[in-house]
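**Student:** Numbering (full-length UniProt numbering), first residue to last: 1 to 210. Even for Gly, the Cβ is constructed at its ideal location relative to N, Cα and C. Quick caveat, the model's predicted, so the values are computed rather than measured.
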Amino acid sequence: MLRPLYTNRATKVLLVGPASSGKRTLANQLMRSPKIFYSTHLMDEMDMDCFDRLVDMDYVLIFVDMTNTASLKLLEDTFAHMEPEYLLYKCAIIFTKVDMVNLWMLDEDHVRHIIEQHGSPYTFYANLQDELLRRNIGEQITRAICIGTFQQRQVHPLGVKLLNNRDFNNNDTTHVDNDHYGQEDQNEYGQSQHDEDQDEHGGDQYSQGK
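What follows is the structure, given as structure tokens:
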């Protein structure tokens, strides 16, 4: 049975990524959503105790800070401990600091190859400093979470992916991300947020949708 669109049960979202990758900034944006009652949990690093918490989460957002090599190991470790259902429709990848190409320490193609080896999670390129783009990316991610957690009526996440894959195969576009909810924004890179998440070390936040 599908859960109701609006529920008093908090939707638990785990944001995984190295320090200063934008987790707290995005968490604050998500908690302004009027559509979902969020409970957000931030993780800078993962150990076995943290991996045990994965199964308690409704959705997982994995941050890839292109200027931090620790992002790659954290991405691989998180994938390795995820249940198949999360890889199918309950996680998304958030690329940050994509505008700072001269400071990149990761190869984008290599990162995307690792992601593709574990399925086809939604991929977002997030501009976390621009207020309008930050709000747009928050809305897109909220929509993905609504579908992935069965809070969108008459929509199944696997059906959405099937339609998206069909549209992709029929499209001659050479560079398309799995963010099919707002492609007009996904390539608008700008300076990313650095300083608002300096103190994020496993804190939890709660927000009631307005």
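1. Among H110, A27, Q151, E83, which has the Cα closest to the Cα of L72?
2. Using the C-alpha atoms, what's the distance from G148 back to S21?
3. Just verifying my parser: in three-state terms, what is the DSSP assignment at I114?
4. Which same chain residues end up closer than 6 Å to V16 when comparing Cβ atoms and leaving out the 5 residues on each side of it in sequence?
5. Whole-angstrom Cβ separation of I36 and I115, contact assumed at under 8 Å?
6. Are the Cβ atoms of T67 and K23 separated by less than 8 Å?
7. Is Y86 closer than 8 Å to V60 when the C-beta atoms are compared?
8. Taking C-beta to C-beta, are L74 and E45 nearer than 8 Å?
9. Taking the runs of the beta strand (DSSP E) that are 3 residues or longer, which of them lie wholly in the segment 20 to 86?
10. Tell me which same chain residues have a C-beta within less than 8 Å of the C-beta of G119, skipping the five on either side of it?
11. Spatial neighbours of C50 within its chain, please: CB distance less than 8 Å, with the 5 preceding and 5 following residues excluded, ordered by chain position.
12. With respect to the alpha helix (DSSP H) encompassing L133, which residues constitute its N-terminal and C-terminal limits?
13. Have a look at D56 and T40 and give me their C-alpha separation to the nearest angstrom.
14. E83: which of R53, L128, L103 sits nearest, CA to CA?
15. When you compare the CB positions of T11 and L128, do they come within less than 8 Å of one another, or not?
16. What residues in its chain sit with their C-beta under 7 Å from that of D65, if we drop five residues either side in the sequence?
17. Smallest Cα separation from L103: which of H113, T69, M31?
18. Please report how far the alpha carbon of R134 lies from the alpha carbon of Q29, in whole angstroms.
19. Given a threshold of 16 other Cβ atoms within 10 Å of its Cβ, counted over all protein chains shown, does M31 qualify as buried or as exposed?
20. Would you tell me roughly how many angstroms separate the C-alpha atoms of Y38 and V13, rounded to the nearest one?
**Tutor:** So, to answer that:
1. In this structure, H110 is the residue among H110, A27, Q151, E83 with its C-alpha nearest to the C-alpha of L72.
2. Rounded to the nearest whole angstrom, the CA to CA distance from S21 to G148 is 24 Å.
3. I114 sits in a helix when the DSSP states are folded into three classes.
4. Listed in chain order, the non-local C-beta contacts of V16 below 6 Å within the same chain comprise M43, I62, T78, local neighbours out to five positions each way being set aside.
5. About 24 Å separates the two Cβ atoms, so there is no contact after all.
6. No, these two residues do not count as a Cβ contact at 8 Å.
7. Taking 8 Å as the Cβ cut-off, V60 and Y86 qualify as a contacting pair.
8. A contact, by the Cβ cut-off of 8 Å.
9. Along the segment 20 to 86, the beta strand (DSSP E) occurs as fully enclosed runs of 3 or more residues at 38 to 43, 59 to 65, listed in sequence order.
10. Answer for G119: L87, L88, listed in chain order.
11. Result list for C50: M43, in chain order.
12. 131 to 148 is the span of the alpha helix (DSSP H), which, as asked, contains L133.
13. Their backbone Cα atoms lie some 12 Å apart in a straight line.
14. Among R53, L128, L103, the Cα nearest to that of E83 is on R53.
15. Taking 8 Å as the Cβ cut-off, T11 and L128 do not qualify as a contacting pair.
16. Correct list, in chain order: G17, P18, S21, S71, T96, K97.
17. Comparing Cα positions, the closest option is T69.
18. Using only the alpha carbons, I get a separation of about 7 Å.
19. With 16 or more Cβ atoms within 10 Å of its Cβ, M31 is classed as buried.
20. Rounded to the nearest whole angstrom, the CA to CA distance from Y38 to V13 is 7 Å.
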